[in-house]
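Chemist: Can you read through this structure? Questions will come right after.
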Amino acid sequence: MQYQPRSSVINRPERSAGSSPSQILRDEICSKSAISFLMEAHDALSGAIAKRAGFKSLWASGLSIASSLGYRDANEASWSQLVDVVERIVDSTELPVLVDGDGGFGNFNNARLLARKLHQRGAAGIALEDSRFPKINSFVGDRHPLANIDEFSGRLRAVKDTVADNLVLVARTEALIAGHGIDEAILRASAYAAAGADAILIHSRKNTADEIIAFAAAWRNRLPVVIVPTRYYRTPVSAYRDAGISTVIWANHSMRAAIAAMGNVCGRIIAEESIAGIEPDIATLDEVFDLLRYDELACAEARYLPPDQQQ
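The letter at position 127 of the sequence shown is residue 127 when you use our numbering, and the numbering goes up by one with no holes.
Here it is as C-alpha cells:
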C-alpha cells in the first residue's frame, strides 16, 4: 500500500494519551491531514525555546550540535557527545526528537549501537544519510562521495533489527548533493525503503526547490518525504503541500540566530564599554527563570524541605 499524500488542512487530530515519543513522531510524519514542521535544537535551552514557541517535534541537528560544541560538521564530534546532548534536549522539552545521526558514525555495527543508545536516552527517531564516513556538511565543497547502496541498506536493516519501531528510521539520500540526479536518488530511496526505512529525506543544495519537487513527483509517495529547505528558503510552504511533502525541517536556524545575536551583543559591549544599552534587547533574568521553570523548584522546596531550609 502506498503512502497517501496529505491535504492542506493545518489542524492535526488530538494525540492519544500515553503515546510513545516514536509513535507521536510517526504520526506527525505520516499524517495525511497536515504538513509537519520540525524545529532545530542544539541544546536543552534551544529545545525549550522551540517548545515555548509552539513546535511539537524537534530536529537534533548534527551541524548545530557540532557547532555548539566548537566542532565542524565533519564527524569531529563523537556519537557519544551527540547522544549526551540529545538526552538533555529530551529531558528539557519532553517533545519527540528526530536525531541527525549522520551516516551512523561507521558501519552497520556503529549505526545500530548509536540507535540503541539514542532509544535509551529517549529519542523518537534517527535520520541516517548515505554519505561516506567521515562525512562533510552538505553545503561545504563539491566532493560528497556516497556509500555503496547495498552497504548502506545493511546499516538501515541493522538499525531496524535493533530498535524495531521504537525509533522512527528516516533514510536520507545525498544523491542530489553529490550531483547524481533524480534517477539515482529514486534508485537509492527505493533500496532504502526496501531495507525498512519509515520515511525518505531528500536533500538539495540548489537555491530553488525544483529538483525536490521533481523527486516528490517521481517518488509518488511510496514513503513519506522529508525535506530541509535551508538553501531554497524562498519557496512557499504551499508548494510543499501541493507536492505531497510530509515534513519540513528548519534545520539550523536557532543556532544561526544565536550566533548573530551573541555576536551583536558582544560587539556592542566591547565598543560601548557598558551593558546599559543592550538591556532592552536581551532576555530578562525573569524570562530565563520562567523558561527553565524556577517556579517548579520553589513549589518542590515548599513540599519537600523543612521551612528553615527553604529559600
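Positions of the beta carbon are idealized from the N, C-alpha and C atoms, including for glycine.
Treat the numbers as computed from the prediction; the structure is a model and nothing was measured.
1) With a Cβ-Cβ cutoff of 9 angstroms, do ILE35 and VAL168 count as a contact?
2) Tell me whether SER36 sits in a helix, a strand or coil according to DSSP, three-state version.
3) Quick test of your reading: PRO82 and ILE65, contact by CB under 8 angstroms. State the CB separation rounded to the nearest angstrom.
4) What residue ranges within the region 228-271 form continuous alpha helix (DSSP H) runs of no fewer than 4 residues, ordered along the chain?
5) Quick one: what does DSSP say SER190 is sitting in, helix, strand or coil?
6) May I ask which residues mark the beginning and end of the alpha helix (DSSP H) holding LEU223?
7) Contact check, THR162 vs ASP130 under 8 angstroms by CB: the rounded distance?
8) Quick check on the burial criterion: 16 or more other C-beta atoms within 10 angstroms. Buried or exposed for SER8?
9) Which of the three DSSP states, helix, strand or coil, is assigned to VAL140?
10) What does the Cβ neighbour count give for SER33, buried or exposed, with the cut at 16 atoms within 10 Å?
11) From MET39 to ALA251, what distance separates their C-alpha atoms?
12) Give the DSSP bridge partners of GLU314, in chain order.
13) VAL97 bridges to which residues according to DSSP?
14) Pairs of beta-carbons, one from the region 215-228 and one from the region 249-264, closer than 8 angstroms: are there three or more?
15) Note the first and the last residue of the continuous beta strand (DSSP E) segment covering ALA199.
16) Between the alpha carbons of SER204 and ALA127, how many angstroms are there, rounded?
17) ALA41 bridges to which residues according to DSSP?
18) By DSSP's criteria, LEU285 is part of a beta bridge. Which residues make up the other side?
19) For ILE177, which residues of its own chain have a beta-carbon under 6 angstroms away from its beta-carbon, when the five flanking residues on both sides are left out?
20) Sorted by chain position, which residues of the same chain lie with C-beta nearer than 7 angstroms to ARG188's C-beta, five sequence neighbours on each side aside?
21) Quick check on ILE10: buried or exposed, where buried means 16 or more other Cβ atoms within 10 Å of its Cβ?
22) Would you call the CB atoms of ARG112 and VAL159 closer than 9 angstroms?
23) Quick check on this structure: which residue in ASP290, ILE270 and VAL265 has the alpha carbon closest to the alpha carbon of PRO280?
24) To the nearest angstrom, how far is it from the Cα of ILE49 to the Cα of PHE289?
25) Contact between the region 105-123 and the region 80-94: three or more CB pairs below 8 angstroms?
26) Would you kindly report the start and end of the unbroken alpha helix (DSSP H) that includes ASN109?
27) Are the CB atoms of SER22 and ASP183 nearer to each other than 9 angstroms?
28) On the DSSP letters alone, give me the boundaries of the alpha helix (DSSP H) that GLU301 sits inside.
29) If you draw a straight line from the C-alpha of ASN75 to the C-alpha of SER57, how long is it?
30) Name the DSSP bridge partner or partners of LEU82?
Modeler: Let me spell this out:
1) Walking along the sequence shown from the start, residue 35 turns up at place 35. Walking along the sequence shown from the start, residue 168 turns up at place 168. The Cβ atoms of ILE35 and VAL168 do not sit closer than 9 angstroms to each other.
2) Residue numbering aside, residue 36 sits at position 36 when the sequence shown is read from its first letter. In the structure shown, SER36 sits in a strand (DSSP, three-state: E or B).
3) As a position in the sequence shown, residue 82 is number 82, starting the count at 1. As a position in the sequence shown, residue 65 is number 65, starting the count at 1. According to the sequence shown, residue 82 is Leu rather than Pro. Contact flag correct, Cβ pair sits at about 6 angstroms.
4) Assignment of alpha helix (DSSP H) within the region 228-271, counting only whole runs of 4 or more residues, yields 237-243 in chain order.
5) Walking along the sequence shown from the start, residue 190 turns up at place 190. Assignment of SER190 by DSSP, reduced to helix, strand and coil, places it in the helix class.
6) Within the sequence shown, residue 223 is the residue found at index 223, counting from 1. DSSP places LEU223 outside any alpha helix (DSSP H), giving it a letter other than H or E.
7) Looking up residue 162 in the sequence shown gives position 162. Looking up residue 130 in the sequence shown gives position 130. Wrong, their Cβ atoms sit about 19 angstroms apart, outside the cutoff.
8) On the sequence shown, position 8 is the one that residue 8 refers to. Annotation note: pLDDT 34 at SER8 (below 50); position unreliable, no value reported.
9) What you label residue 140 is simply residue 140 of the sequence shown in a count that begins at 1. Here VAL140 carries a coil assignment [DSSP, helix/strand/coil].
10) As a first step, residue 33 is located in the sequence shown; it is residue number 33 there, counting from the start. When all chains shown are included, SER33 counts as exposed.
11) Within the sequence shown, residue 39 is the residue found at index 39, counting from 1. Within the sequence shown, residue 251 is the residue found at index 251, counting from 1. Going from the Cα of MET39 to the Cα of ALA251 covers about 7 angstroms.
12) One cannot answer for residue 314 here, as it falls past the ends of the chain, which runs 1 to 311.
13) Counting from one through the sequence shown, the residue named residue 97 turns up at place 97. Beta-bridge pairing links VAL97 to LEU58.
14) Output reads yes: the region 249-264 touches the region 215-228.
15) Along the sequence shown, one-based indexing puts residue 199 at 199. Per DSSP, ALA199 belongs to the beta strand (DSSP E) from 199-202.
16) Here residue 204 refers to the residue found at position 204 of the sequence shown. Here residue 127 refers to the residue found at position 127 of the sequence shown. Spanning the two alpha carbons is a distance of roughly 16 angstroms.
17) Your numbering for residue 41 matches position 41 in the sequence shown. Partner(s): ALA60.
18) Numbered from its first residue, the sequence shown carries residue 285 at position 285. In the DSSP assignment, LEU285 forms no beta bridge with any residue.
19) Mapped onto the sequence shown, residue 177 falls at position 177. So the qualifying residues of the chain are SER138, HIS144, HIS203 and ARG205.
20) Position 188 of the sequence shown holds residue 188. The beta carbon of ARG188 sits closer than 7 angstroms to the beta carbons of ASP130, ILE149, THR173 and ALA175 from its chain, once the five residues preceding and following it are set aside; these are given in chain order.
21) Counted from its first residue, the sequence shown places residue 10 at position 10. The pLDDT assigned to ILE10 is 31, lower than 50, so where the model puts this residue is not dependable; a value taken from the coordinates is nonetheless given after this. The residue is exposed, with fewer than 16 neighbouring Cβ atoms inside 10 Å.
22) Along the sequence shown, one-based indexing puts residue 112 at 112. Along the sequence shown, one-based indexing puts residue 159 at 159. Yes, they are a contact pair.
23) Within the sequence shown, residue 280 is the residue found at index 280, counting from 1. The residue from ASP290, ILE270 and VAL265 with its alpha-carbon nearest to that of PRO280 is VAL265.
24) As a working mapping, residue 49 is identified with position 49 in the sequence shown. As a working mapping, residue 289 is identified with position 289 in the sequence shown. Cα to Cα, ILE49 sits roughly 13 angstroms from PHE289.
25) Counting Cβ pairs under 8 angstroms, three or more are found: they touch.
26) Looking up residue 109 in the sequence shown gives position 109. Going by DSSP, ASN109 is part of the alpha helix (DSSP H) stretching over 108-120.
27) Translated into the one-based positions of the sequence shown, residue 22 becomes position 22. Translated into the one-based positions of the sequence shown, residue 183 becomes position 183. No.
28) To locate residue 301, count along the sequence shown from 1; it is residue 301. Run containing GLU301: 294-304, per the alpha helix (DSSP H) assignment.
29) Position 75 of the sequence shown, counted from the start, is the residue given in the question as residue 75. Position 57 of the sequence shown, counted from the start, is the residue given in the question as residue 57. Spanning the two alpha carbons is a distance of roughly 24 angstroms.
30) Start at 1 with the first residue of the sequence shown, and residue 82 comes out as number 82. Beta-bridge pairing links LEU82 to no other residue.
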